[in-house]
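So the protein lines, in turn, are chains A and B.
Position 103 of the first sequence, counted from 1, bears residue number 107 in the numbering used here, the numbering being contiguous throughout.
Position 12 of the second sequence, counted from 1, bears residue number 16 in the numbering used here, the numbering being contiguous throughout.
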Amino acid sequence: NAGVIQTPRHKVTGKGQEATLWCEPISGHSAVFWYRQTIVQGLEFLTYFRNQAPIDDSGMPKERFSAQMPNQSHSTLKIQSTQPQDSAVYLCASSSGLGEEQYFGPGTRLTVL
Amino acid sequence: GDQVEQSPSALSLHEGTGSALRCNFTTTMRAVQWFQQNSRGSLINLFYLASGTKENGRLKSTFNSKESYSTLHIRDAQLEDSGTYFCAAEAGGGTGSKLSFGKGAKLTVSP
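Okay, here's the thing in structure tokens:
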């Protein structure tokens, strides 16, 4: 099992550009989570899906951020009009169901210049 | 405020010694996970507990949901144990599966 796969591993964007981050959960896992990590805020929850349906997006910034899960094998996090404060490591995790152990991918380091 | 209070924030050990990390929770949690973040930034699963104590090699973790805390004990520390350790907990009461993380504890093991 390859574990959770995230691409790209590093992304550099200019201020105002769009960034799309990809996550492939562990095969057979029905829940997918997005978190981000910064030095200042630490690890923060963003949003999660179960069986591809959005369940909780309470951690998502209200503007510019969106997440989708078009099929069971991948989820995307899109940031429009990126700002320097969006610079962070974005982590995707999956679990076999709600209330089960979460396994994390290696993260995508987003740098907004 | 923060739901997960982790201490200490940093810890130095000599090889062969041991210590403990602790997380206190300000709300009822149904499960806790402990992770080690390595030098590449990857979160490595150490333990998942809904209650009680688990042991794996030189590591042992306890979760007491009634008293709202969890601990991670490290014994006979080795150089490769260096890294940042995080606890993360899932709130109970049907509020969902998202994890709330502690601020982390940076462990440095020296010869």
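Glycine included, every Cβ here is placed at the ideal spot set by N, Cα and C.
Residue i classed as buried or exposed, judged by whether at least 16 other C-beta atoms fall within 10 angstroms
i	result
Asp90(A)	buried
Gln83(B)	According to the sequence as given, residue 83(B) is Leu; it is not Gln. Exposed is the call here.
Gly111(A)	buried
Gly109(A)	buried
Gln40(B)	buried
Pro12(B)	exposed
Ala6(A)	exposed
Met28(A)	Just to set this straight, residue 28(A) is Glu in the shown sequence, not Met. Answer is buried; the Cβ neighbour count reaches 16.
Val16(A)	exposed
Ser65(B)	buried
Enclosing beta strand (DSSP E) for residue i [first to last residue]
i	result
Pro58(A)	Ala57 to Asp60
Ile83(A)	His78 to Ile83
Arg54(A)	Gly46 to Arg54
Val116(A)	Thr112 to Val116
Thr17(A)	His14 to Thr17
Gly87(B)	Gly87 to Ala95
Ile48(B)	Leu47 to Leu53
Gly56(B)	Gly56 to Asn60
Glu9(B)	Val8 to Ser11
Arg44(B)	Premise fails: Arg44(B) is in no beta strand (DSSP E) and is neither H nor E.
Alpha-carbon to alpha-carbon, residue j and residue i
i	j	result
Gly46(A)	Gly87(B)	15 Å
Lys110(B)	His77(B)	14 Å
Ala92(A)	Leu114(A)	5 Å
Leu25(A)	Lys70(B)	39 Å
Asn60(B)	Lys19(A)	46 Å
His1(A)	Ser62(A)	The requested residue 1(A) does not occur in the structure, where chain A is confined to residues 5 to 117.
Thr112(B)	Val44(A)	21 Å
Gln87(A)	Cys96(A)	21 Å
Thr80(A)	His18(B)	43 Å
Ile48(B)	Cys91(B)	12 Å
Ala35(B)	Tyr73(B)	11 Å
Chain A residues whose Cβ lies nearer than 9 Å to that of residue i
i	result
Gln37(B)	Glu105 and Gln106
Asn49(B)	Glu105, Gln106, Tyr107 and Phe108
Gly108(B)	Gly46 and Leu47
Own chain residues within Cβ distance below 7 Å of residue i, not counting five before or after
i	result
Arg102(A)	Reading the sequence as shown, one finds Leu at residue 102(A) and not Arg. Taken in chain order, the residues that qualify are Ala35 and Arg54.
Thr31(B)	Gln7 and Ala95
His33(A)	Ser98, Ser99 and Ser100
Close Cβ partners of residue i (< 6 Å) along its chain, the five nearest in sequence each way excluded
i	result
Lys107(B)	Gln10
Gly20(B)	Asp80
Asp60(A)	Tyr52
Beta-carbon neighbours of residue i, restricted to chain A and to distances below 8 Å
i	result
Leu15(B)	Those within 8 Å of Leu15(B) in chain A number zero; the least Cβ separation is about 17 Å.
Glu94(B)	Gly103
Phe90(B)	Leu47
Partners in chain A for residue i, counting only beta-carbon separations shorter than 7 Å
i	result
Glu9(B)	None at all; the shortest Cβ gap to chain A is about 12 Å.
Phe105(B)	Gly46 and Leu47
Gly56(B)	What Gly56(B) touches in chain A: nothing, since even the nearest Cβ is about 15 Å away.
Chain-ordered neighbours of residue i on chain B, where CB pairs are closer than 8 Å
i	result
Pro110(A)	Arg44, Gly45 and Ser46
Proximal chain B residues relative to residue i, where beta-carbon distance stays under 7 Å
i	result
Val93(A)	Gly45
Amino acids of chain B, ordered along the chain, whose beta-carbon sits closer than 9 Å to that of residue i
i	result
Phe37(A)	Ser101, Lys102 and Leu103
8 Å CB neighbourhood of residue i in its chain, flanking five on each side removed
i	result
Ser23(B)	Leu15, Leu17, His77, Ile78 and Ala81
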